[in-house]
Amino acid sequence: MPYHAIRLGTALPGASRRVELCHDRAKTTVWLQLTNTEFIIGGASPVFVTALIGAIRTPTGWQPIDAGTAARLRDVTIAFGTKLGDRIDEFQRAITRDWSTFDGARASHWAKGLTVGHDMSNPSFVMKAIKTGFDAIGVSVSAYSGLRMKGFSVDDAIDYLQRRAAVAGVNVVDGALLDFEEIGPDPTLRVQEDKAYQSDPRMIPYVPAKRNGHGGHFSYPELTASVPFPRVLAYGFRGDSRLPSAIKNAGGFNPNYTRPDQIAKAAAQGNAQDRALNLPEFLANQFYGGYISVCKSYAVTKAFATGMGGTTPPGPGWVYACFVEGGFVIPPAGTIPATATHPQIKIPYNEQEISMPGLLDWDDVVGCRRVSSNGRFEGNIFLRQTMAQQDPQAAVALWKLLSGETQGPGLPP
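Count along the sequence shown starting at 1, add 8, and that's the number in the numbering used here.
Given below as structure tokens:
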């Protein structure tokens, strides 16, 4: 691997860093920094790496730029990682594959061509690398028009990437996500992604939360004391057709008990308001209750997000990762026999639920990703900026799952 790569450990770098153009203040040396998981260097680990792409002239000829030289000369960094379209990983992989065989004795192979011959200059190598990436994603962006006899400059390389950014269009981010870090998904997990299903019979563990709760104790302890299920601090998923801004404007996710349309339905059915925190009744009929549910299974939440269950019109949606404080972990579908402390409890669905009394504040939404109308994840992942500090292990776990990491065998084919 003639190019140099820097391993970043457990960090989750922002998506903007996936393609960076760096140069010194005098604009004499330029190189690319390509950041992704080890996928871009031919590996399969979820550890992030930064590949340095560029060459400098030494007394012994052209050599790939190394980490020490990059650190010494890095005066300006321009991020393009969210401006070049959705196929960044293919762009990166094509460049690193080509540069894996870099040989100073044949350096002209990696230099950008002129009308006649090649420009053997530092910017020329970056220009050719950019073209290699563009060709891999089927994008035609001309490096110059007409005849070109003079060599390339750092400004030419910047302009080359900026023209592609203009073609790709402006990257519009929902205003509710300004407090979130945009992170690219792990490309190696795309092939694992579980399909969207309305039911999930697998034994899926919840993602434990190590952050502090809001008040030091779970809500409504007296009213829920007879519930025979464990209460946990955890993260779960919730599918919704609404944009993040709509969820934020609503204050978060509200239980049906607080929603006027559901209150009207409950009144028409003669349901008593004082039964809102009766969990067995909620599980049997969720149209009117004081609980809000998340799922351990992102497959189920993708189905809810895209209207497969009929609760919303079919179409694209979002999967939201949420912090749940004192949620009850609901067992698989079946019947829990009555005891002296609780009645018989019927669990009608395998929805991998964690049900929490009360509401989920917008501040408890810690991540999200778009889902296409066919039930597949698309675009980048958004994680709340505080997650990496408050709960770094959970941040990585949620990033992997929102990348499409399978939650195990057992779903229907």
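We put the CB at the ideal spot given by N, CA and C, even for glycine.
Tell me the DSSP bridge mates of residue i?
i: F110; result: F110 pairs with nothing; no bridge assigned.
i: A233; result: Looking at the DSSP assignment, A233 forms no beta bridge with any residue, so it has no partner.
i: F226; result: Looking at the DSSP assignment, F226 forms no beta bridge with any residue, so it has no partner.
i: V27; result: L42
i: Y299; result: P365
i: K354; result: T343
i: L241; result: E333
i: A63; result: P72
i: V215; result: Y243
i: F99; result: DSSP lists no partner for F99.
i: H117; result: Per DSSP, none; premise fails for H117.
i: E189; result: L391
i: A87; result: E28
i: F160; result: In DSSP, F160 forms no bridge with anything.
i: F56; result: T45
i: W326; result: D248 and R378
Assuming residue i and residue j form a contact by the criterion Cβ under 8 Å, report the distance between their Cβ atoms to the nearest whole angstrom.
i: V327; j: F390; result: Actually they are not in contact, since the Cβ atoms of V327 and F390 sit about 11 Å apart, beyond 8 Å.
i: A381; j: G323; result: At residue 381 the sequence reads Ser, which differs from the Ala that was named. That belief holds up - the Cβ atoms of S381 and G323 are roughly 5 Å apart, short of 8 Å.
i: A119; j: D127; result: 6 Å
i: H12; j: I73; result: 7 Å
i: G247; j: A313; result: 3 Å
i: S1; j: F331; result: With the chain covering 9 to 421 only, the question about residue 1 has no answer from this structure.
i: A176; j: G93; result: 4 Å
i: A402; j: A151; result: That pair is no contact at about 44 Å.
So what does DSSP say about residue i, is it helix, strand or coil?
i: S424; result: Since the displayed the chain opens at 9 and closes at 421, residue 424 lies outside it and no answer follows.
i: G76; result: helix
i: V134; result: helix
i: N388; result: strand
i: V175; result: helix
i: D127; result: coil
i: G183; result: helix
i: D248; result: strand
i: V373; result: strand
i: Q281; result: For Q281, the predicted model reports a pLDDT of 49, less than 50, meaning its position is unreliable; a value from the coordinates is still stated below. Q281: helix per DSSP, three-state reduction.
i: A425; result: Nothing can be reported for residue 425: it is not among the residues displayed for the chain, which extend from 9 to 421.
i: T18; result: coil
i: V308; result: helix
i: R378; result: strand
i: Y11; result: coil
i: Y168; result: helix
i: S148; result: coil
i: P321; result: coil
i: K203; result: coil
i: Q398; result: helix
i: K408; result: helix
Closest to residue i by C-alpha separation, out of the options, would be which residue?
i: G183; options: I86, C30, A113 and A254; result: A254
i: A78; options: G69, T58 and D94; result: T58
i: L208; options: N257, K304 and K256; result: The sequence shown places Asp at residue 208, rather than the Leu named in the question. The shortest Cα separation from D208 among N257, K304 and K256 belongs to K304.
i: K139; options: N130, Y243 and V149; result: V149
i: F50; options: Q100, I61, G416 and T90; result: According to the sequence provided, residue 50 is Gly. The question's Phe does not apply to it. Taking only the C-alpha atoms, the option nearest G50 is Q100.
i: A329; options: V308, P340, K35 and N358; result: V308
i: N388; options: T18, P10, D187 and S24; result: S24
i: G192; options: S132, H225 and K91; result: K91
i: G89; options: F56, T109, E190 and A137; result: E190
i: P339; options: I166, T319 and Y357; result: Y357
i: I61; options: A102, Q200 and V302; result: A102
i: F133; options: G121, E201 and P351; result: G121
i: R392; options: V379, L406 and E386; result: L406
i: F56; options: W370, K408, G334 and P252; result: K408
i: V374; options: A346, L410 and T349; result: L410
i: F261; options: A346, G366 and S108; result: G366
i: V199; options: E386, T394, D399 and M395; result: E386
i: V147; options: G342, A174 and T349; result: A174
Do you know how far the Cα of residue j is from the Cα of residue i?
i: G418; j: L81; result: 52 Å
i: Q281; j: R384; result: At Q281 the pLDDT is 49, less than 50, meaning the model places this residue with poor confidence; the figure from the coordinates comes in the next sentence. Answer to the nearest angstrom: the Cα atoms are 39 Å apart.
i: R219; j: E98; result: 36 Å
i: A52; j: D194; result: 10 Å
i: F47; j: V180; result: 27 Å
i: G412; j: T68; result: 46 Å
i: N130; j: V124; result: 18 Å
i: G22; j: I344; result: 46 Å
i: P421; j: V38; result: 49 Å
i: S249; j: K256; result: 13 Å
i: R114; j: Q71; result: 11 Å
i: P54; j: E28; result: 20 Å
i: A75; j: D111; result: 18 Å
i: L185; j: C376; result: 9 Å
i: R239; j: L231; result: 14 Å
i: A311; j: M211; result: 18 Å
i: R267; j: S301; result: In this predicted model, R267 has a pLDDT of only 45, less than 50, meaning its place in the structure is not dependable; the value taken from the coordinates is given anyway. Cα to Cα, the separation comes out at about 15 Å.
i: H225; j: A233; result: 13 Å
i: G416; j: Y243; result: 18 Å
At the 7 Å Cβ level, is residue i part of the contact set with chain D, yes or no?
i: E359; result: Looking for chain D here will not work: only one protein chain is present.
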